[in-house]
Structures are given as C-alpha cells and as structure tokens.
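One structure is given here, and the rest of the page talks about it.
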Amino acid sequence: MKMTMNPFAAVPIASRITCLWVLAALFLALPSPGHAASHYYHHVIFDNSLTSDSYFYSRGQASGSSFLEELQGRLPVETKTFLTPPNAIRLQWQSAPQGGWTAEISLVDIRNRLPGLSGKNLFFWVFTPQAISSADLPQFVLSNAIEGLQVAEFPASFTQPLNLGKYTGDLPAGRWVQVRIPLSDCRTASIYPFRPEYLSSITFHQNRADDARHTLIVDEIRVDDDPPAAAPLPAPSNLRATGYDRHVELEWDAADSPALGRYIIYRSLDGANYSPVGIQLPGMHRYEDFLGKAGVQAHYKIAASDARYKQSQFSPVATASTHELSDDELLTMLQKACFHYYWDAADPHSGMARESIPGDDRIVATGASGFAIMTLMVGVDRGFITRQQGLERLTRIVDFLEHAQRYHGVWSHYINGNTGQTMPVFGMYDNGGDLVETSFLMQGLLAARQYFRGPSPAEQSLYRRVTGLWDSVEWDWYRDTPNSDFLYWHWSPQWAFKIHHPLIGFNEVMITYLLAIASPTHSLPAAMYYSGWSSQDQRALSYREGWSGTKDGNHYGNGHTYYGIKLDVGVGPGGPLFFTQYSFMGFDPHALHDRFTTSYFENNRNIALINHAYSTANPKHFLGYGPDAWGLTASDGPDGYVAHAPDDADDRGTLTPTGALASFPYTPQESMAAFKHYYRDLGAQMWDIYGPRDAFNPTADWISPIYMGLNQAPIVVMIENYRTGLVWKNFMANPEIGTMLKKMDEETAKQAH
C-alpha cells in the first residue's frame, strides 16, 4: 500500500489466512512459489482460525426462545475436536417454537486476489458428539453479498434455503462426515441470479423446532470439483527441526503432487504419543511450532494429505529443543525470519517483492522491492544467503526493471511480475508512473550499488546497470510545470497529471525530494526542498491540516510537546511510524538537518518516543496496549487498511509490530521490550514463517491474516542499521548523496538569511 495522504491508498481490505503460509522457492531453482498457495485460496473458505476463542469472520444470533452459542456475536472456535489442526468452528443450537437463530461463516476476501472460487461443489466436514437425525439439522443459505443477507445490490444475491439433512442423512456420533452439496442445487431467492463463484458466506439457520440442544463441529469448508482417484502420496522426506528461543522451525523436502491437499504436522513431547498440531499449504515446506518456553524438547513427523484426507506415510522423525537466546541472537532470528518474505516468496520471474502474501501473485510492488533489495544486503552480510546468491537475485531484479514499463524513467506502483506491465490496482487513473514508489526502489538500488561494488565483472556490470537506471529517472518531469514549487506523485500518458497530488511533508516521502535534488541527470534545485517539501504556501498548510485534522505542525515545523517530548518537525504528535522509516532505510537521518531541526535522527527518535508514550498512556483504553505493546503505523486492521497513529482519529486499537521493531535505531530498549512481548508472550498467535504477523487488534480479537511487503523489510533493515549501520553506510557512500547534502546546507544557509 501507500502513504496516508495519497487518495488512492486507502483500499478496503478484509483478509484472512488460517495457517502458515510462504510461497516457498529459493532463487536458484525458482519454481512457481505462489502457484500452489494461490490455487488453495481459490477453493478454501475455512480451514482454521487464527484466534482460539471465536472466529472473527463469523456472526451468530438467536431470537425468541431459541439458543445459539456465540461469543460477542461470533461463533466459537473448537480446539479439541477438529479435522484440520489446530481448530474448527462449533455450532451449538436449540431450535424453539416461535424462535430462530442464524450462524454465518464468511469467506475472507484476501487483498487483491483474483475473484472467484473454482469448483462445482461446496464441501465441508461435520462431526457431532451425539447423533443427530437429518430432520433436526439446520437449513442453510448461500450468499455472495458482502453485506450478508440484509441488502442485495447488483450483482449480489442469495439462495433459497436448503435442508442440510438432505445431504448428510442422519449423522452418527463421533465420526467425521464429509458433506457434498452440488452448487447447481442452489437457486436464487434474490432479485438477481446467484453466482456460485462469488460465494461470500454460508448461513446456517433454524429448521425444525425440536427444542433440543445439538452440537455440530464444522471444518474444512471449500468449493471444488469432485477429486479424481489418485495414487497414494509420497511421504515428505528430509525433515529437519531447529530449536530457537520459544519455537521450533521445521523444514522438509517437497512431496508436492497435483493430488496434494495439505501437509499435516504431528508433534510429540514424549517421543511416543504424537498429536496433530497444524497444517501447511501445498508448495510450502516450512512450519513454525511455537512451544512457549525454553528448554522443551519436541519430536516431529509430517504427512502429506490429499483432497479426500487420505494421508501418506509419515516422514522420518526430527527432534529439536528450544533454548534461551541472547538479545543479539534474538535479533538475528527476527531478521532472518522477516528476510524469508523477500527471499523464499519473491516473484519467481522478476525476483521482485509481492505486495502481500497471500494475495494476487501477479502483482509485484515497486517500493516494497526497493526495501527487499536492502534486505538482500543484510541477508548476505548476516550469512542467510551467499554473496553470489544475493548478486544473482539483484541481477534478476535489474534485468526485470530494465525492461519493465516506465514513464519518463519512473516505474508504476504495481507491476505484473511476469510481463513488466503496469497494473493499475488503484483504478483507471493509476496507469502511469509513481514517483514515490520509484524513490523507495531507487533508495534500495543505490544502497546495493555500493554494497555490490566488488572487482568481479558481474559486480562491475551491476554497478553500471544500476547507474543507468538511476540516471534515467526524470525527476524534473514530475514537477508538472517547469516553475512548479512541488513534485507530484503520479503521471500517466493517458491522464497526464490527473492525479494532481503534490508531495508535501512531513511524511514518508522525504526521500523523493532528496533523490530528486541528488540526481546527476534530472535534478531539481535544492530550493524545492523549502518551496515544496517544507512549503509554507497556503496550499501546503491546508494540505497538512486536511489529512491530520490539526493545526499542530501545519507549517512543517511543529514545536509542541507531547507526553513531555518536544517535536521539532511533524504534524500533530508525529503521525504513523512509517514516516520515520521508509525514507530512512538507506538515507541516514543523522546526516540531515534544516532550518526546522538540527537533527532528523533526533526528530525521528522523538516521534517514536511519542508513539511509545501514547501507547503506554492508552487514552482510548484499548486492550493490549502498554510499554511493551506499541507501534502505531500503517497496516490492515479489522476494518481495512489504516495508517494507525497516536491520535484520536487514527488510533483504532490495532498494533503493528513493524512500527516498534523498525524503530530500533531510535528506541532500542522500547523496541526490544516490544519484540520480546510480541514473540515470547504472544508468539502462539503472532509468530509465523515470516516472523511476527502484520498486525493485531486485541480489542476486536483480530489478527492480520496477511503479510505486507512494505512491513517486514523495515524490520530487517532498520535493525541492521541499529546493529552495524550497514545499509546507511552504503547508501550514504554514493557520491551523489554527498553532493546533495552540500547543496542542502547551502540552501539552508540562504533560508536562514
């Protein structure tokens, strides 16, 4: 996604993924790492809940004398009896005369994924502890309306009710039964035709009023064709287990086949009795098992499972123990986990970073790919990959960028990773160049240009090719007119400057002005830093007030004190924390001052400290906040994508780990406290293959089901800048940056007079 002030940034999102995901493939082999997972999400409606008490994407209600078990309006999660470990959904009801109840389970619309479920049948599995006659089972209705059944807006519709018992018969006690419902049986009851591929929710509701209590456990809901008969699956091989501070990481060699439905992970704490603890998607060959404390030995074996739930033979057993890690070891563990997002799950053709996982595998993100390039530097320096591997990946990215569609040297926000063509995700006007995303990309390329500057022909060639890309970006074109005081975000050959969005600070786009001034071929005068970025024009004042709702900092300089912390530059109490991160992953804020502040490092530190103090004070009384639970910044939330910030309007109870963890250079103690809390205390829900999940909201009992390309990389890079300054040093070593800073000093001196 983008920054808050871009009107095309606030894209509604409601996404979930219910097990560990990673589009696994190392660069050297580069199979299609996302294909199997994408296929999975064209079928699955429910397999597991990230929360263990109630399922967030459900609703339940009873009326009259009828009863339905629910927790704050949601259906309870069953953690003892399940088909796909570690949980299922529990329906417990009592149908009384003159009463009613409804239990809705919704599909989660994963961000940017291609719409439409694929298959001719609705399948799910049911289990009842006590037998239920077919006549006493509920009815059900299918809907493809986002609003559920209240409103039908074209093309949304819903179906006539059908009796579940017609498809199950009498249900025996204590046995899982698969239900198969031909979608051709589902006739519309709406004013519009029902389109099964756009199924959005399944609503069970009262049928015969037998006035008896019943329990039905529901699991593995999917749309699919009838699975063909298949040969037994091969067992996964070469299972490896590595113990960390509170979790064990499992890796294995592929047993992938067209018939593979999932991997099932079994754990034993005594070496004899194994229980299923989780599943992994086809195409993915890693799993994180959170054990919760150090000093625990666990034994593992895994099996492949097909669509009919027939399992392969087990893999050989692997054993590992958790053990206490030092703070330094913990940081390396965190960096490596987040690094996997950009290494294992990159687009296989381009090497670029995907916008989100899971998501639309065609979409690669320009800015996130710039961040990914900086993680490659960290990965090489930390030994996660070899220098040769890093060089090959970066070369692949440069190959792609040289041929990708550009607009006066500027790449679009989103690009098709296979074709290099622009993908106008934000609508028809978004079909051109995005100067801010290009800035983030170029920041990464320039840092890597210095890091991979060895004597070998491959590194020398890469240096020249990155220089060519850098020289070709026409920063000056994005002024709109030769005399404009501002840079503008977008330009399109079709629409020109229709998205007439000026770049005005303070926010995350400072790097755009700095690089534009630094450009050796298409530079801007340093005076535009003051006329545009830190403008005092009425347009700039209104702009800052418009997005923030406050006059504090509307003149760029702030000067107010929040929680005892004085803020030189920033709007209101500083805004979301990505303001202090995106422009400063390569550019070292120690190096910059202007007439508003003597140090952008100290200013960024104060923004982070205000964010921490606000979360500690927790003025809106959200659950989960505290001195070790903070980091308000942009991410998904229960109601979609929000640039969460420490103010009344933008604090909605959602904490985003990258906010605190990418603030390590500014707040090392507070960031380490947050990391230990997110990992050691909340890791059972929050720790996954790519490190901490993107966001969580304890008040809403919600955990983000996706990872974002813009959020994991700042953790890797900013921690490394805290530890060694690696990325800062390499980016600042570019001679153009030194020249730009001299120009800035001269202009600041003029402004002082």
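Residue 1403 is where the sequence shown starts when you use the working numbering, and the numbers rise one by one after that. For every residue, glycine included, the Cβ atom is placed at its ideal position computed from N, Cα and C.
Beta-carbon proximity list for residue i, same chain, < 7 Å, skipping 5 on both sides
| i | result |
| --- | --- |
| Gln1983 | Ala2064, Pro2116 and Met2120 |
| Glu2138 | Ala1920 and Pro1922 |
| Met2134 | Asp1990 and Ala1993 |
| Gln2153 | Tyr1932 and Arg1997 |
Residues near residue i in its chain [Cβ-Cβ closer than 8 Å; skip 5 each side]
| i | result |
| --- | --- |
| Gln1807 | Trp1813, Ser1814, Ile1817, Gly1822, Gln1823 and Thr1824 |
| Pro1563 | Gln1541, Phe1542, Val1543, Ala1591 and His1607 |
| Val1579 | Trp1527, Val1528, Phe1529, Thr1570 and Leu1573 |
| Val1413 | Low confidence applies here, because Val1413 scores a pLDDT of 31, under 50, leaving its location unreliable and the question unanswered by this model. |
| Phe1596 | Leu1544, Asn1546, Ser1559, Phe1560, Thr1561, Cys1588, Arg1589 and Thr1590 |
| Leu1430 | Annotation note: pLDDT 30 at Leu1430 (below 50); position unreliable, no value reported. |
| Ile1534 | Asp1572, Leu1573, His1616 and Leu1618 |
CB of residue i within 8 Å of CB of residue j, strictly
| i | j | result |
| --- | --- | --- |
| Gly1959 | Phe1998 | yes |
| Asp1730 | Leu1635 | no |
| Gly1761 | Asn1514 | yes |
| Ile1704 | Ser1723 | no |
| Leu1452 | Pro2107 | yes |
| Asn2005 | Asp1970 | yes |
| Phe1556 | Tyr1594 | yes |
| Thr2056 | Ser2037 | yes |
| Ala1656 | Ala1632 | no |
| Phe1525 | Arg1461 | no |
| Val2118 | Gln1790 | no |
| Phe2098 | Met2088 | yes |
| Arg1642 | Ala1720 | yes |
| Ala2076 | Pro1978 | no |
| Pro1488 | Ala1611 | no |
| Trp1935 | Gly1966 | no |
Residue burial classification, residue i (beta-carbon count within 10 angstroms, cutoff 16)
| i | result |
| --- | --- |
| Ala2151 | exposed |
| Arg1710 | exposed |
| Gly1436 | Low confidence applies to Gly1436: its pLDDT is 47, below 50, so where it sits in the model is not reliable enough to give any reading. |
| Lys1953 | exposed |
| Thr1644 | exposed |
| Asp1763 | buried |
| His2023 | exposed |
| His1701 | buried |
| Arg1946 | buried |
| Ala1942 | buried |
| Met2142 | buried |
| Gln1938 | exposed |
| Ala2062 | buried |
| Ala1362 | Because residue 1362 is not part of the residues shown, which for the chain are 1403 to 2155, the question remains open. |
| Pro1598 | buried |
| Ala2010 | buried |
| Lys2144 | exposed |
| Glu1910 | buried |
| Ala1575 | exposed |
| Glu2148 | exposed |
| Leu1477 | buried |
| Glu1622 | buried |
Beta-carbon separation (whole angstroms), residue i vs residue j, contact threshold 8 Å
| i | j | result |
| --- | --- | --- |
| Val1844 | Phe1802 | Before going on, a small fix: residue 1844 reads as Met here, not Val. Not confirmed; about 15 Å, so no contact. |
| Ser1586 | Gly1567 | 19 Å between Cβ atoms; not a contact. |
| Leu2112 | Gly1792 | Contact flag wrong, Cβ pair sits at about 21 Å. |
| Gly1501 | Ser1465 | 6 Å |
| Ser1985 | Met1912 | 4 Å |
| Ile1507 | Phe1448 | 6 Å |
| Gly2039 | Arg2054 | 6 Å |
| Trp1897 | His1810 | Their Cβ separation, rounded to whole angstroms, is 14 Å, which puts Trp1897 and His1810 out of contact at 8 Å. |
| Val1800 | Val1868 | 6 Å |
| Asn2136 | Gln1713 | That belief does not hold up - the Cβ atoms of Asn2136 and Gln1713 are roughly 55 Å apart, past 8 Å. |
| Tyr2049 | Pro1975 | Note that residue 2049 is Asp in the sequence shown, not Tyr. Their Cβ separation, rounded to whole angstroms, is 6 Å, which keeps Asp2049 and Pro1975 in contact under 8 Å. |
| Met1779 | Ala1849 | 7 Å |
Proximity test, Cβ basis, 8 Å: residue i and chain C
| i | result |
| --- | --- |
| Tyr1676 | Among the chains in the structure shown there is no chain C, since it carries only a single protein chain. |
Cβ shell of residue i (< 6 Å), same chain only, five flanking positions each side left out
| i | result |
| --- | --- |
| Met2146 | Ala1928 |
| Asp1627 | Gly1521 and Lys1522 |
| Gly2026 | Pro2100 |
| Val1698 | Thr1724 |
| Gln1463 | Thr1504 |
Cβ-heavy atom distance, residue i to the ligand PLP, below 7 Å
| i | result |
| --- | --- |
| Tyr1984 | The ligand content of the structure shown is nil, which means the ligand PLP is not present either. |
List in chain order: all unbroken alpha helix (DSSP H) runs of 4+ residues lying wholly within the stretch 1510–1561. For the alpha helix (DSSP H) assignment, the stretch 1510–1561 encloses no uninterrupted run of at least 4 residues.
Please give the ranges of any alpha helix (DSSP H) in the stretch 2053–2117, keeping only runs that are unbroken, at least 4 residues long and fully inside the region. 2059–2063, 2070–2078 and 2085–2088
Quick one: complete beta strand (DSSP E) runs, 3+ long, within the stretch 1761–1790? 1765–1767
Runs of 4 residues minimum, wholly inside the stretch 1985–2055: which ones carry the alpha helix (DSSP H) assignment? 2002–2019
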